[in-house]
Amino acid sequence: PTENTTFTCCHTMERDSRWEGSVPIGKPISNSTVYILDQQQRPVPVGVYGEIYTGGDGLARGYLNWPELTAEKFVPHPFSERGGERLYRTGDVGRWLNDGSVEYLGRVDEQVKIRGFRIELGEIEAVLSRHPAVREAVVVVQTVNNDKRLVAYVVGEASFESSELRQFLKDVLPEYMVPQAFVQLERLPLTENGKVDRRALPAVESVREETETVVSQSPVEEVLAGIWSEVLGVTVGVEDDFFDLGGHSLLATQVMSRVREAFGVEVALRELFERPTVREFAQSIERELRQGAGVGAPPIERRERDEELPLSFAQQRLWFIDQLEPGSAFYNVPSAVRLKGDLNRRALELTLTEIVRRHEVLRTRFGTVSGRAVQVIEEAEPLTLAVIELSDLEIEEREAQVREWAAQEAATPFDLSRGPLLRVKLLRLGEQEHVVLMTMHHIVMDGWSLGILIREIATLYEAFIDGRPSPLPELSIQYADFALWQRAYLQGDVLEQQLKYWREQLAGAQTVLKLPADKPRPAIYTYRGATHRFILPEAVTAPLRKLSQEQGCTLFMTLLAIFKTLLYRYAQQEDILVGTAIANRNRSETEDLIGFFVNTLALRTDLSGNPSFRELMQRVRETTIGAYVHQDMPFEKLVEEIQPERSLSHAPLFQVAFGLHNSPFQNLTLPGLELSQMDFNFDAGRFDLTLWMLENKNRFSGIWYYNTDLFEAGTIKRMQGHFETILQNVLAQPDAPLSEIEMLTDDEKKQQLVQEQELLESNALVLKTIRRKRISVAANQGRSN
Numbered sequence: 001p002t003e004n005t006t007f008t009c010c011h012t013m014e015r016d017s018r019w020e021g022s023v024p025i026g027k028p029i030s031n032s033t034v035y036i037l038d039q040q041q042r043p044v045p046v047g048v049y050g051e052i053y054t055g056g057d058g059l060a061r062g063y064l065n066w067p068e069l070t071a072e073k074f075v076p077h078p079f080s081e082r083g084g085e086r087l088y089r090t091g092d093v094g095r096w097l098n099d100g101s102v103e104y105l106g107r108v109d110e111q112v113k114i115r116g117f118r119i120e121l122g123e124i125e126a127v128l129s130r131h132p133a134v135r136e137a138v139v140v141v142q143t144v145n146n147d148k149r150l151v152a153y154v155v156g157e158a159s160f161e162s163s164e165l166r167q168f169l170k171d172v173l174p175e176y177m178v179p180q181a182f183v184q185l186e187r188l189p190l191t192e193n194g195k196v197d198r199r200a201l202p203a204v205e206s207v208r209e210e211t212e213t214v215v216s217q218s219p220v221e222e223v224l225a226g227i228w229s230e231v232l233g234v235t236v237g238v239e240d241d242f243f244d245l246g247g248h249s250l251l252a253t254q255v256m257s258r259v260r261e262a263f264g265v266e267v268a269l270r271e272l273f274e275r276p277t278v279r280e281f282a283q284s285i286e287r288e289l290r291q292g293a294g295v296g297a298p299p300i301e302r303r304e305r306d307e308e309l310p311l312s313f314a315q316q317r318l319w320f321i322d323q324l325e326p327g328s329a330f331y332n333v334p335s336a337v338r339l340k341g342d343l344n345r346r347a348l349e350l351t352l353t354e355i356v357r358r359h360e361v362l363r364t365r366f367g368t369v370s371g372r373a374v375q376v377i378e379e380a381e382p383l384t385l386a387v388i389e390l391s392d393l394e395i396e397e398r399e400a401q402v403r404e405w406a407a408q409e410a411a412t413p414f415d416l417s418r419g420p421l422l423r424v425k426l427l428r429l430g431e432q433e434h435v436v437l438m439t440m441h442h443i444v445m446d447g448w449s450l451g452i453l454i455r456e457i458a459t460l461y462e463a464f465i466d467g468r469p470s471p472l473p474e475l476s477i478q479y480a481d482f483a484l485w486q487r488a489y490l491q492g493d494v495l496e497q498q499l500k501y502w503r504e505q506l507a508g509a510q511t512v513l514k515l516p517a518d519k520p521r522p523a524i525y526t527y528r529g530a531t532h533r534f535i536l537p538e539a540v541t542a543p544l545r546k547l548s549q550e551q552g553c554t555l556f557m558t559l560l561a562i563f564k565t566l567l568y569r570y571a572q573q574e575d576i577l578v579g580t581a582i583a584n585r586n587r588s589e590t591e592d593l594i595g596f597f598v599n600t601l602a603l604r605t606d607l608s609g610n611p612s613f614r615e616l617m618q619r620v621r622e623t624t625i626g627a628y629v630h631q632d633m634p635f636e637k638l639v640e641e642i643q644p645e646r647s648l649s650h651a652p653l654f655q656v657a658f659g660l661h662n663s664p665f666q667n668l669t670l671p672g673l674e675l676s677q678m679d680f681n682f683d684a685g686r687f688d689l690t691l692w693m694l695e696n697k698n699r700f701s702g703i704w705y706y707n708t709d710l711f712e713a714g715t716i717k718r719m720q721g722h723f724e725t726i727l728q729n730v731l732a733q734p735d736a737p738l739s740e741i742e743m744l745t746d747d748e749k750k751q752q753l754v755q756e757q758e759l760l761e762s763n764a765l766v767l768k769t770i771r772r773k774r775i776s777v778a779a780n781q782g783r784s785n
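Following my numbering, the numbering of the sequence shown begins with 1 at its first residue and continues without gaps.
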């Protein structure tokens with residue numbers, strides 16, 4: 001093929017009835033077979049997108065004089081029983097439909113991944129094109145403030161309102177697939193072949209002045225609109241809703257820290273939820289300015305290293321646990337990434353060396369001075385990758401060795417007093433394939449930090465393979481500065497103010513949730529656990545989002561209310577405490593720092609009075625916002641000050657936790673390499689029960705983590721069925737009292753009917769037997785008389 005040659009292959013794809021309701025493997029078409037497979041080359045179910053492959057007797061041998069492209073496109077047949085058979089990767093994305101046809105969506109290279117969600121740009125374009133005012137639409141990804149954002153370019157018959165298009169998409173697509181910016185064009189730029197020239201589309205920054213909608217009535221509104229534009233990466237008008245523009249609780253904390261810096265006032269986070277437009281929220285800021293309210297906390301500043309460096313409160317807890325249970329790998333944070341392509345090992349070593357130099361916490365160990373734990377920061381030194389050679393092994397043995405090394409690294413404990421608390425190994429599987437094993441201790445790393453680590457690896461590796469110096473600016477503070485600030489800030493009146501809220505919030509709380517367990521609670525709590533994964537039906541996503549918006553709640557709040565309804569029905573308790581993790585990055589100085597910042601909040605809800613689900617949502621909303629406002633109080637310090645009843649058999653304050661994934665993770669991409677994350681299955685039961693929800697494309701999935709000393713797998717599976725039934729019923733009848741919300745699954749209802757029928761038949765048989773005996777007795781008495 002020449003540079004300008006274009007090949008088109010057309011097939012009438014159809015599937016016979018044998019595949020209805022099952023996973024289609026492949027459909028013979030003439031002398032070829034069509035497959036739709038996922039990234040691991042596994043068949044996808046009906047309705048799920050995958051890459052289209054072709055094979056069979058009519059398949060070509062490859063590209064003439066082009067061995068690299070042949071190896072990439074003509075891959076080993078994963079289902080063939082004959083050796084040497086190949087499939088051709090078309091690069092097209094499609095899915096089987098229920099009627100047996102294949103729907104074409106776009107090209108594989110049009111797939112993107114934003115904040116951990118894989119997105120088909122063609123799917124957004126298809127939905128957007130259905131709007132009556134839209135004639136043509138193209139959606140692309142642009143990077144704004146080191147964050148990937150979706151931008152829609154629209155050609156229409158008339159002008160349009162971005163809010164109208166945004167709402168139109170939100171009614172059909174999940175929130176993460178709704179573009180943050182809409183740009184109207186007279187026509188789309190085209191290439192010589194008549195295709196859309198995506199590289200010629202104007203960047204958001206270049207059209208911002210032309211589409212500026214901010215009409216400020218005060219300097220406060222103007223500054224605030226600029227803050228929102230910076231955080232959200234889109235043009236903001238004074239009447240725009242923060243959450244309609246793609247805002248969520250994590251971005252809300254970034255807004256609050258910037259507001260604190262810009263205006264020197266402390267505004268309650270609650271105000272942003274209740275007054276979510278620029279104009280309304282600016283009024284709240286102006287009110288605080290008029291009242292002369294001052295900043296609640298001083299800035300975090302760089303401190304000299306000539307003083308004793310204490311641990312943060314969160315680190316103190318992990319250090320104390322390590323003293324009680326030395327040699328435990330429970331708080332290891334492992335990751336394994338498979339690399340395919342040309343790996344520049346030297347550039348990777350330089351990248352990791354620079355990251356360790358930049359972030360002192362990655363070269364920190366933990367010693368003691370007069371019995372007190374202190375941070376000891378080591379000098380930065382070059383990092384050398386430990387290379388494990390596995391290329392000489394057969395494929396099966398090699399993969400077994402990869403899994404064994406990954407498991408071994410994850411299970412190898414750290415010595416906090418010696419360090420380093422970061423281990424990296426490189427498994428060499430071949431010239432073009434490697435696996436990187438990276439393990440850290442939780443005391444220096446949290447979920448947000450992983451996103452920072454990924455972003456910096458991508459930036460530095462690309463710079464170093466080009467021979468350029470690091471483009472990253474030096475950090476203004478380090479984690480040790482945060483720990484010093486936290487210890488100095490959280491004392492005296494500030495500590496008492498935070499404690500006052502939490503004392504009032506937790507006064508008289510039932511700190512033990514009495515869930516019916518399968519086994520007696522052991523005298524000493526163990527961390528033995530297992531997991532149960534599930535996927536909710538796609539049909540619940542849009543109603544769930546709609547109900548949340550109607551009640552002014554986030555998806556987290558609504559799902560937490562459903563979870564608490566389940567716990568209420570199981571435990572028969574009206575006072576329920578559930579824990580949740582929060583990023584605790586509500587200071588702008590900490591946004592780009594690697595470290596252990598995550599905090600735990602105890603969310604207490606009063607379910608007394610048999611409220612309706614709508615009313616429960618408002619109670620959960622009130623509690624959650626209050627907890628966010630007072631998130632500076634470290635959970636470890638809270639337990640120490642409140643002193644709840646302690647027991648070795650269960651965790652303090654709460655034994656059940658809930659979370660919803662919305663951390664700002666990024667997809668790691670490196671030049672010349674194809675990367676894939678290897679899954680780890682952690683079964684540790686940190687609490688009695690944890691429900692962790694994730695939103696992916698147009699549906700929700702989740703994981704139940706449970707302690708196996710308390711619960712059997714069947715119990716958790718049954719509990720999941722009840723959770724899903726409650727969810728579907730509250731969406732259908734949100735005004736129903738909690739006690740009347742149906743919890744039994746359809747299978748349980750059928751089983752109950754069968755049992756009732758069997759009981760009736762049994763009772764009828766007993767009554768019949770008794771009646772016969774009475775007749776017999778009466779007859780015998782008559783003969784005697």
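Each residue gets a CB set at the ideal place from its N, CA and C atoms; glycine is no exception. Being a predicted model, the structure only gives us computed values, none of them experimental.
Residue i, buried or exposed, once every other Cβ within 10 Å from all chains shown has been counted against 16
i: arginine 279; result: buried
i: phenylalanine 556; result: buried
i: glycine 21; result: Residue placement at glycine 21 is flagged as unreliable, the pLDDT there being 38, under the threshold of 50; a coordinate-derived value is accordingly withheld.
i: serine 370; result: exposed
i: glycine 327; result: exposed
i: asparagine 332; result: buried
i: asparagine 584; result: buried
i: aspartate 197; result: exposed
Whether residue i touches residue j by CB criterion (9 Å)
i: tyrosine 49; j: proline 298; result: no
i: tryptophan 448; j: phenylalanine 658; result: no
i: phenylalanine 613; j: valine 656; result: no
i: asparagine 707; j: glycine 529; result: yes
i: valine 220; j: glutamate 286; result: yes
i: valine 356; j: arginine 363; result: yes
i: isoleucine 377; j: alanine 480; result: yes
i: threonine 439; j: glutamate 409; result: yes
First through last residue of the alpha helix (DSSP H) which encompasses residue i
i: alanine 200; result: Note, alanine 200: premise wrong, no alpha helix (DSSP H); not H, not E.
i: aspartate 92; result: Taken as a continuous stretch (DSSP letters only), aspartate 92 belongs to no alpha helix (DSSP H), being part of the beta strand (DSSP E) at 86–96.
i: lysine 637; result: 635–642
Residue i - containing beta strand (DSSP E), residue span
i: threonine 531; result: 529–535
i: asparagine 332; result: 332–341
i: isoleucine 716; result: It is not in any beta strand (DSSP E) - isoleucine 716 instead sits in the alpha helix (DSSP H) that spans 713–732.
i: isoleucine 36; result: 32–37
i: serine 162; result: First-last for serine 162: 162–170, but that is the alpha helix (DSSP H), not the beta strand (DSSP E).
i: isoleucine 377; result: 372–377
Strand pairing of residue i, partner residues [DSSP]
i: aspartate 575; result: Asp606
i: histidine 441; result: Asn332
i: asparagine 696; result: Arg699
i: glycine 789; result: Limits of the chain in this structure are 1 at one end and 785 at the other, which puts residue 789 out of reach.
Below-9 Å beta-carbon distance, residue i vs any chain D residue
i: proline 734; result: Judged by its chain identifiers, the structure shown contains no chain D, having just a single protein chain.
Member of the options whose CA lies at the smallest distance from the CA of residue i
i: threonine 554; options: Val259, Phe243, Gln167; result: Phe243
i: isoleucine 535; options: Pro634, Ala713, Asp241, Asn696; result: Asn696
i: valine 127; options: Glu85, Phe168, Leu59; result: Phe168
i: tryptophan 502; options: Leu429, Leu472, Thr600; result: Thr600
i: valine 112; options: Gln283, Glu396, Leu59, Val139; result: Val139
i: serine 841; options: Gly100, Gln40, Ser32; result: Lying outside 1 to 785, the shown extent of the chain, residue 841 is not represented and no answer is given.
i: threonine 459; options: Leu450, Gly467, Pro471; result: Pro471
i: glycine 247; options: Asp92, Val234, Asp322; result: Val234
i: threonine 558; options: Ile457, Val356, Thr623, Leu513; result: Thr623
i: glycine 47; options: Glu68, Trp96, Asp446; result: Trp96
i: threonine 368; options: Lys340, Thr412, Glu399, Gln316; result: Gln316
i: glutamine 184; options: Met177, Ala203, Glu192; result: Ala203
i: arginine 428; options: Leu515, Val402, Thr412; result: Val402
i: phenylalanine 654; options: Arg646, Leu660, His661; result: Arg646
beta-carbon residue i near the ligand GTP non-hydrogen atom, thresh 8 Å
i: glutamate 192; result: The ligand GTP is not among the ligands present in this structure, which contains no ligands whatsoever.
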